[in-house]
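Protein chains in written order, with my numbering: chain A, 934 to 1348; chain B, 934 to 1348.
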């Protein structure tokens, strides 16, 4: 009773993932927002900076008063006051021939349109300075609203918040924002040969690895993770586990193992029978990762992953991460570094299949130019050690028979 | 009373950072280990895999028994049993002419040295199969210890633990490991013009940004962060804050603002007078970031950073991150993506200074080859919006006057 794959291409598989919608939003505070994904566009409630500021220590002046100033013919200006840091200057106005002492970050007084650096001035007496370099209008000044004007779009929806975005929010006093909820991901490891990592495996058994690797990947990508532990190779036990994941409100269910077409592979049948679920794909033309299953239950994504850790991780990077980006409403290309590398040896493949080869990268100088070379990781593809040694995945597209030595290929870097 | 910088080069600055030692270690469990840095080399306590395993569903055989097998002249083998998943097979031994049913992940029985895929066999009767393809010794088998042999080095000291390393640890049953403590970083924001982000700034004041951006960067890089908040431009207040940071056991102190040479810049004097501290550098030939101060108190690193958020973030990426890598005992180059890009316009600089220019990258096809072009971010360098828009920093080395349009330059990608 051996089944067959119904192979689709990687791009068809990704197209199926476009059917899933971004999950719900919640309001959180700025302090918890690092790494979260903005769910509504954020606009500026006010001008940033809120006033024109000096970027130097020096004197606020009218630029035209320093026109043509030089060492031999300095401009003479009368100092009429000082901008004290953090104070509004309401009583000083810079009129022709006048200057006001100002510090980096100080508010430009009325009438002034530029700041002369202290270095280009000489104090003649407490009330008089010489300026011996001209200054252009708005030189050494950041104008009010130059970063963002009131109601400007500051952060578009779907942005993952990094230090710089949080800085802008702090600057604008935006202390709360709507972000996507953290997706709830449930991991189910299947296989009669598995024991938990804290057990010493009796002969014939090995420790479960996928629960650990998948939960680390999911956490890195912003999920709340529930590990359901190990379920034996049994249709009933696996179906119960999947239905439980649905009941928990999972946004993503990853079942590793049992995704192939052998008569001990139950994942397909289990997904078909999971309450309200519908299988979208069984088998995808990539290597490793061919025995991958995709199912849908409402907006919940169910993946059947190959049992071998190396294959499961490749499918994660290629498809699960893509699905997560859909659930979070982010661009799947954002945060993924792809670079061009020269093949240090031939990379054979076959037409009709996309290959993801674990490679190490070496930067070498060749003819004055720095080139990056990609070399396959030493060791058989089934080994977990190859993942530890690799810098990334070299992609062999579907429509070519591989790369010759010296050809340029694309490498997706491991985060 | 204006001071002067004592400028050193970026590489001299980094050399000073090499003086700091990795901080203490602690033992943690595998479940908390994601992103932590291994403090002692980890060796394998046993063979991985612990036994030779099949990577396919099929039959365990002696490869020589299938030598020359073909559709027209298949090898006939007697099936003498089955390897049940997760069970040790002690009573079956594969002698000449015999085969044993096996599943993916099953333990190879004694006597067998290869697995024939199910697809290449035909069942004649319950006890006899035909094999119509030859199989090489160890084909479809991962041998015992092929990933790691007992006492092999698995993870070198200084490795940041990712999903793949955690997977190896789980596979080997290593549930605890010694990692570097999370460095304690204290942030002090100085400036009379600052108010906390939750206040509406009165005229002349602005909200503090550096506390937010620096703590996000430090958290991303694995620190425990204490924000000391805003300290006014006062020598006494700043000295008290620095001494308090030392008393708290800080591994890293970041003081933003007041690092220049104006008479309102107190950080240098404060570091000189901080209990037990010693100033190592004041001023570095990079732009932005010239007014940077480095001091040392025991193994605690004290940084005086420019007050402007854009400069402070550049100094963070160039130097603070480097210092953190020293404290964690990791390679500063690891986790930093540098790529080559073509200058879309001229990038002028001056000899003797390293420039870090915020750029956006564009991938374009030119003459059949895909090239990445770097373009400076639109907007003046003092703007925080430029950081949000930038993809990374283009580096102009110290010994050149910049790049011409079309020249190749190095870009450090923002994480």
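Cβ coordinates follow ideal geometry from the N, Cα and C atoms, glycine included.
For residue 1313 of chain B, the nearest beta carbon of chain A is closer than 8 Å to its own beta carbon. Counting C-beta pairs closer than 8 Å gives fewer than three between the segment 992 to 1005 of chain A and the segment 1137 to 1150 of chain A, which falls short of the contact rule. Note on geometry: alpha-carbon atoms of residue 1168 of chain B and residue 1220 of chain B lie some 27 Å from one another. Look at the segment 1213 to 1288 of chain B and you find these whole runs of beta strand (DSSP E), each 3 residues long or longer: 1226 to 1230, 1233 to 1238, 1271 to 1276.
Taking all protein chains shown into account, residue 953 of chain B has 16 or more neighbouring C-beta atoms within 10 Å of its C-beta and is therefore buried. Shown here for residue 1014 of chain A: same chain residues with a beta carbon closer than 6 Å to its own, the five before and five after excluded, namely 1025, 1033 in chain order.
Residue B:1047 holds the alpha-carbon nearest to the alpha-carbon of residue 995 of chain B among B:1106, B:1047, B:1112. Taken in chain order, the complete beta strand (DSSP E) segments of 3 residues or longer contained in the segment 1032 to 1075 of chain A are 1047 to 1050, 1054 to 1058, 1061 to 1064.
Scanning the segment 940 to 979 of chain A for uninterrupted beta strand (DSSP E) segments of 3 residues or longer gives 958 to 962, listed from N- to C-terminal end. Nearest neighbour of residue 960 of chain A by Cα position, chosen from A:939, A:984, A:1112, turns out to be A:1112.
Counting C-beta atoms within 10 angstroms of its own C-beta, residue 1040 of chain B has 16 or more neighbours from the protein chains shown and is therefore classed as buried. For residue 997 of chain B, the three-state secondary structure derived from DSSP is helix. Per DSSP, the beta-bridge partners of residue 987 of chain A are A:1074. At a cut-off of 8 Å between C-beta atoms, residue 1155 of chain B does not count as an interface residue with respect to chain A. Per DSSP, the beta bridge partners of residue 1296 of chain B are B:1305.
Taking 8 Å as the threshold, the shortest C-beta distance from residue 1250 of chain A to chain B does not fall below it. Contact between residue 1228 of chain A and residue 1252 of chain A fails: their C-beta atoms lie close to 13 Å from each other, not under 8 Å. From the beta-carbon of residue 1161 of chain A, no residue of chain B is found nearer than 9 Å; the closest lies around 15 Å away. Between residue 1101 of chain B and residue 1310 of chain A, the C-beta gap is not smaller than 8 Å, which leaves the two residues out of contact. Residue contact check for residue 1242 of chain B against chain A: a CB pair falls below 8 Å. In the three-state reduction of the DSSP assignment, residue 1012 of chain A falls in the strand class. Proximity to residue 1334 of chain B across B:1343, B:1288, B:1347, B:1316 peaks at B:1288, based on C-alpha coordinates. Using a Cβ-Cβ cut-off of 8 Å, residue 1079 of chain A counts as an interface residue toward chain B, since at least one Cβ of chain B sits closer than that to its own. From the listed residues A:1023, A:1019, A:1010, the smallest Cα separation to residue 1029 of chain A is found for A:1010. Residues of chain B whose Cβ lies closer than 9 Å to the Cβ of residue 1171 of chain A do not exist, since the nearest Cβ in that chain is about 14 Å away. Residue environment for residue 1097 of chain A: buried (at least 16 other C-beta atoms within 10 angstroms of its C-beta).
Close partners of residue 1150 of chain B in chain A (Cβ separation under 8 Å): 1096. DSSP places residue 1161 of chain A in the uninterrupted beta strand (DSSP E) bounded by 1157 to 1164.
In the assembly as shown, residue 1143 of chain A is a buried residue. Its beta-carbon has 16 or more other beta-carbons within 10 Å. Beta-bridge analysis with DSSP links residue 1028 of chain A to no other residue.
Contact of residue 1219 of chain B with chain A is not assigned, every C-beta pair being separated by 8 Å or more. Taking a C-beta distance under 8 Å as the contact criterion, residue 1108 of chain A and residue 963 of chain A qualify as a contact pair.
By the rule that beta-carbons nearer than 8 Å mark a contact, residue 1321 of chain A touches chain B.
Of the residues assessed, residue 1303 of chain B falls on the exposed side of the cut-off, its CB having fewer than 16 other CB atoms within 10 angstroms. The beta carbon of residue 1291 of chain A sits no closer than 8 Å to any beta carbon of chain B. Nearest CB-CB separation between residue 1140 of chain B and chain A: below the 8 Å threshold.
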